[in-house]
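In this note's numbering, the protein residues as written are 316 to 500.
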């Protein structure tokens, strides 16, 4: 990876990290103990063995890069659109990478003009060559305006996810205002 992609990831991490904050252990948060947005479960799965209060920003950043950025091939996405890569990273970080990829796949299918621009893709939450090619073809056809439209679709799906989440788990209602203010834009 070259310095351009390191910079793009670092910028995405800075924006997401600002929304996440430092150590929190809120009993009503389903994520449990969290530091810099990294849940204890994710930290442990990525080899961190210390107290969550001691997780450093660089350690959290390394986990975020591996767990969210790399797994969604966001260097490849950033090569097409930095804005889409940053949005997918933030959504994937907060709602899971598979969900972020499904949002992209669903949006690309809805925007392909009845398959005139490219065929529908399988909505499976896995980012691969077919999804990347659909994004490439979409961008080539629609350019900057298309990216703005795609971002709005992604944010609309993200907002709908949060609404469904609080309808299913009322205890999460207290987080909705923050999610909408800090995640859906």
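Cβ coordinates follow ideal geometry from the N, Cα and C atoms, glycine included.
> Where does residue 417 land, buried or exposed, given buried means 16+ other C-beta within 10 angstroms?
Replying inline: Classification of residue 417: buried, given that the 10 Å Cβ count is 16 or more.
>> Whole angstroms are fine: how far does the CA of residue 494 sit from the CA of residue 289?
In response: The chain is shown only over 316 to 500; residue 289 falls outside these bounds and no answer can be derived.
> Starting from residue 345 and walking both ways along the alpha helix (DSSP H), at which residues does that stretch end?
Replying inline: No alpha helix (DSSP H) contains residue 345, which DSSP labels as neither H nor E.
> Is the region 400-413 close to the region 462-477, with three or more CB pairs under 8 Å?
Replying inline: Put simply, the region 400-413 touches the region 462-477. At least three CB pairs are less than 8 Å apart.
> Along the chain, which unbroken stretches of the alpha helix (DSSP H) at least 4 residues long are found entirely within the region 331-402?
Replying inline: For the region 331-402, whole alpha helix (DSSP H) runs of length 4 or above, ordered along the chain, are 355-360, 372-379, 389-395.
>> Ignoring anything shorter than 4 residues, give me the alpha helix (DSSP H) runs that lie fully in the region 407-454, in order along the chain.
In response: Runs of alpha helix (DSSP H) with 4 or more residues, each lying fully within the region 407-454, are found at 412-425, listed in chain order.
>> I need the boundaries of the alpha helix (DSSP H) containing residue 499, first residue and last residue.
In response: Element bounds for residue 499: n/a, residue is neither H nor E.
>> On a Cα-Cα basis, can you pick out the residue from 397, 443, 421 that is closest to residue 435?
In response: Nearest of 397, 443, 421 to residue 435, Cα basis: 421.
>> So, for residue 480: in the same chain, excluding its five sequence neighbours on each side, which residues have a beta-carbon less than 7 Å away from its beta-carbon?
In response: Excluding five sequence positions before and after residue 480, the CB atoms of its chain that fall closer than 7 Å to its own CB belong to 487, given in chain order.
> Between residue 350 and residue 431, what straight-line distance do the alpha-carbon atoms span, to the nearest angstrom?
Replying inline: If I take the Cα positions, the gap works out to 45 Å.
>> My output table needs one value for residue 316: the three-state DSSP class, helix, strand or coil.
In response: With a pLDDT of 48 at residue 316, under the threshold of 50, the modelled position of this residue cannot be trusted, and the question is left open.
>> Whole angstroms are fine: how far does the CA of residue 334 sit from the CA of residue 461?
In response: Each residue's Cα considered, the two are about 27 Å apart.
>> Which same chain residues end up closer than 6 Å to residue 388 when comparing Cβ atoms and leaving out the 5 residues on each side of it in sequence?
In response: 442.
> If you drop the 5 nearest sequence neighbours on each side, which residues of the same chain put their C-beta closer than 7 Å to that of residue 395?
Replying inline: Taking residue 395 as the centre and dropping the five residues before and after it, the same chain places the C-beta of 450, 451, 454 closer than 7 Å to its C-beta, in chain order.
> Using the C-alpha atoms, what's the distance from residue 375 back to residue 425?
Replying inline: Taking the straight line joining both Cα atoms gives about 35 Å.
> When we look at the beta-carbon of residue 407 and count the other beta-carbons within 10 Å, is it buried (16 or more) or exposed?
Replying inline: Under a 10 Å Cβ-count criterion, residue 407 is classified as buried, with 16 or more other Cβ atoms of the shown protein chains found around its own Cβ.
> What separation, rounded to the nearest whole angstrom, lies between the Cα atoms of residue 496 and residue 364?
Replying inline: About 33 Å.
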